[in-house]
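Residues 64 to 496 (our numbering) are what the sequence shown spells out, left to right.
All residues carry an ideal CB built from backbone N, CA and C; glycine is no exception.
Computed from a predicted model, the values in this text were never measured in an experiment.
So the structure is just underneath, and the comments pick up after that.
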Amino acid sequence: MKVIVLGSGAREHALVRGLLADPDVRAVLAAPGNPGIAEIAPCEPIADVCDAGAVLDLARRHVVDLVVVGPEAPLVAGVGDALRAAGFAVYGPDAGAARLEGSKSFAKEVMAAAGVPTALAHVCTTIAEVAAALDALGAPHVVKDDGLAAGKGVVVTDDRSAALEHARDCLDKPGGRLIVEEFLDGPEVSVFCICDGTAVRALAPAQDFKRVGDGDTGPNTGGMGAYSPLPWAPAHLTDWVIEHIAQPTVDEMYRRGTPFVGTLYVGLAMTSRGPRVVEFNARFGDPDGQVSLARLLTPLGGLLYAAATGRLDDLDDLHHRPEAAVTVVLAAAGYPSAPRTGDQLDGLGDAAVAATAQGAWLLHAGTRRADDGQLVSAGGRVLGVVALGADLTEARDAAYGALSFVSLDGGHYRSDIALAAARGEIRIPGSGS
Ligand code: AMP
Ligand code: GLY
């Protein structure tokens with residue numbers, strides 16, 4: 064099988080790496096890819112991955128058997144629809160199903176129809192409605208832009224005027240609409256559900272670190288690190304998520320005539336009243352997807368192809384490594400508010416050697432080769448190290464050990480990824496233990 068992966072981040076680097084490890088995958092190419100992917104697979108330039116015509120042209124030119132869409136933007140833009148209409152097998156939902164990520168109010172409507180446990184929410188289009196919803200639900204306030212906002216759409220605050228200010232910003236946009244939501248207390252979990260339109264399989268759960276600083280301080284980011292497994296989580300969490308969340312959602316989307324094919328990313332809060340959905344996304348998480356994928360033993364190409372062609376039921380149950388996986392992200396100076404690009408990256412060769420020796424590997428995210436061939440930073444999250452280990456402590460040591468060889472002026476990373484979990488310090492509220 065020949066596969067093309069769309070996208071240019073560490074998530075896509077992980078997907079290409081996973082696909083290449085599948086003996087049934089003959090060739091993998093990426094568009095546009097990045098310098099790290101280019102070391103293991105051909106990369107095709109593409110100006111805009113949301114340009115369905117350009118993607119279709121690439122898929123036809125390379126006669127691929129499967130298109131794997133990494134990020135959400137091309138899915139929401141209908142790239143999946145165009146490829147499917149032309150007869151390609153696509154891993155990633157059509158635009159109508161990607162609305163589960165593209166519109167938070169739509170996701171809430173589907174969850175309500177499917178009986179999926181989530182936070183109480185009010186959909187608002189005027190500031191008066193927002194004020195009433197804030198009063199009805201009380202603090203802490205959660206205000207979310209309805210549409211895609213690249214991680215900047217959500218404000219969680221005790222300050223009512225800050226909540227109103229974010230609400231005004233959301234309402235000022237064309238078609239301005241937002242949701243005010245009940246605050247969910249408890250640790251967050253990401254479960255990546257592989258869906259073929261009717262059937263569902265789930266990868267091992269991961270936890271993501273959204274805040275930029277140690278101890279969950281500072282602003283929200285796209286994710287600064289992740290780990291799997293979650294020693295503190297209930298034993299049968301993935302089965303529970305399939306039964307109570309993913310399968311009912313997939314059934315509801317099928318009933319509506321917009322079957323969901325691709326990754327249903329279930330973002331959960333583990334509250335005292337049980338797991339509640341915080342968000343749905345229509346793709347793998349980044350970087351949380353990297354650790355779940357690192358633990359997957361089932362060949363990735365066969366799995367994604369089975370999902371893309373409606374044949375998940377033909378596969379055995381998914382197999383996962385017992386080892387722990389940890390990923391740590393190196394971010395650019397100024398990330399997340401104003402990331403600086405163009406800084407020289409050094410030490411990657413030594414880091415890769417150290418990584419290999421310890422069961423770890425580097426994934427590129429925002430990197431670029433300058434005209435002289437030197438690697439420089441080209442985005443907020445620059446690269447990640449993924450490590451496997453006998454337990455979280457070993458995996459942490461391997462990831463941080465490899466990362467210590469990389470130098471980037473102003474670069475920063477969290478030093479506490481998976482630390483509280485390794486120490487047994489994470490509690491689900493009300494669990495008593
Ligand atoms: P979202 O874009 O919906 O994933 O929200 C981004 C982040 O905001 C989540 O990962 C949570 O950390 C936080 N968040 C979102 N909704 C809630 C909620 N109802 N209660 C508490 N925190 C939330
Ligand atoms: N790491 C969170 C996300 O991919 O949305």
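* **the ligand GLY heavy atom lying under 7 Å from the CB of Asp-279** => no
* According to DSSP, residues forming a beta bridge with Gly-325 -> Cys-258
* When DSSP labels each residue in this structure, what does Gln-353 get in the three-state scheme? -> helix
* Between Gly-276 and the rest of its own chain, which residues show a CB-CB distance below 8 Å, the 5 nearest in sequence each way excluded? -> Cβ neighbours of Gly-276 beyond the five flanking positions: Arg-477.
* Asp-248 - DSSP class collapsed to helix/strand/coil -> When DSSP states are grouped into helix, strand and coil, Asp-248 belongs to the coil group.
* Between the stretch 412-419 and the stretch 458-470, do at least 3 Cβ pairs fall closer than 8 Å? -> yes
* To do: Compute the Euclidean distance between the alpha carbons of Gly-447 and Ile-109, then round it to the nearest angstrom.
  => 24 Å
* For Ser-498, the nearest candidate out of Leu-411, Gly-260, Arg-432 (CA to CA) -> The question about residue 498 has no answer here: the residues shown for the chain are numbered 64 through 496.
* Nearest to Ala-387 by CA position, among Arg-319, Ala-484, Val-252, Phe-169, is which residue? -> Ala-484
* Asked: Whose C-alpha, out of Ala-298, Asp-271, Leu-426, Leu-293, is nearest the C-alpha of Gly-285?
  -> Asp-271
* For Leu-82, the nearest candidate out of Ala-481, Pro-134, Val-68 (CA to CA) -> Val-68
* Compute every distance between the C-beta of Glu-172 and the non-hydrogen atoms of the ligand AMP, then say whether any falls below 7 Å. => No, the ligand AMP has no heavy atom inside 7 Å of this Cβ.
* Asked: What are the boundary residues of the beta strand (DSSP E) that includes Asp-208?
  -> 204-208
* To do: Report the option in Gly-493, Asp-232, Val-445 whose CA atom is closest to the CA atom of Pro-350.
  => Val-445
* Distance cut-off 7 Å: Gly-210 Cβ against heavy atoms of the ligand GLY -> no
* **Proximity winner among Arg-374, Gly-325, Thr-312, Pro-282, relative to Val-217 (alpha-carbon distances)** => In terms of Cα proximity to Val-217, the closest of Arg-374, Gly-325, Thr-312, Pro-282 is Pro-282.
* Would you report the Cα separation of Cys-187 and Lys-167, rounded to the nearest angstrom? -> 12 Å
* When the distance is taken between beta carbons, is Pro-180 closer than 8 Å to Gly-337? -> yes
* **Other residues of its chain near Ala-176: CB distance less than 7 Å, five sequence neighbours each side excluded** => Residues of the same chain with a CB within less than 7 Å of the CB of Ala-176, apart from the 5 flanking positions on each side, are Glu-315 in chain order.
* Using the beta-carbon count (16 or more within 10 Å), is Arg-318 buried or exposed? -> exposed
* Would Lys-65 pass as a contact of Asp-128 if the rule is Cβ separation under 8 Å? -> yes
* To do: With hydrogens ignored, establish whether the beta-carbon of Lys-65 is closer than 7 Å to any heavy atom of the ligand AMP.
  => no
* Roughly how many angstroms lie between the CA atoms of Ile-308 and Gly-452, to the nearest whole one? -> 31 Å
* Tell me, please, whether the stretch 253-273 touches the stretch 359-376 by the rule of three or more beta-carbon pairs shorter than 8 Å. => The stretch 253-273 vs the stretch 359-376: in contact.
* Asked: Taking C-alpha atoms, which residue in His-76, Glu-228, Val-112, Val-132 lies nearest to Val-105?
  -> Reading the sequence as shown, one finds Pro at residue 105 and not Val. Pro-105 has its Cα closest to that of His-76, out of His-76, Glu-228, Val-112, Val-132.
* Backbone CA spacing between Ala-395 and Pro-402 [nearest angstrom] -> Using only the alpha carbons, I get a separation of about 6 Å.
* Asked: Any heavy atom of the ligand GLY closer than 7 Å to the Cβ of Asn-61?
  -> With the chain running from 64 to 496 in the structure shown, residue 61 is simply not present.
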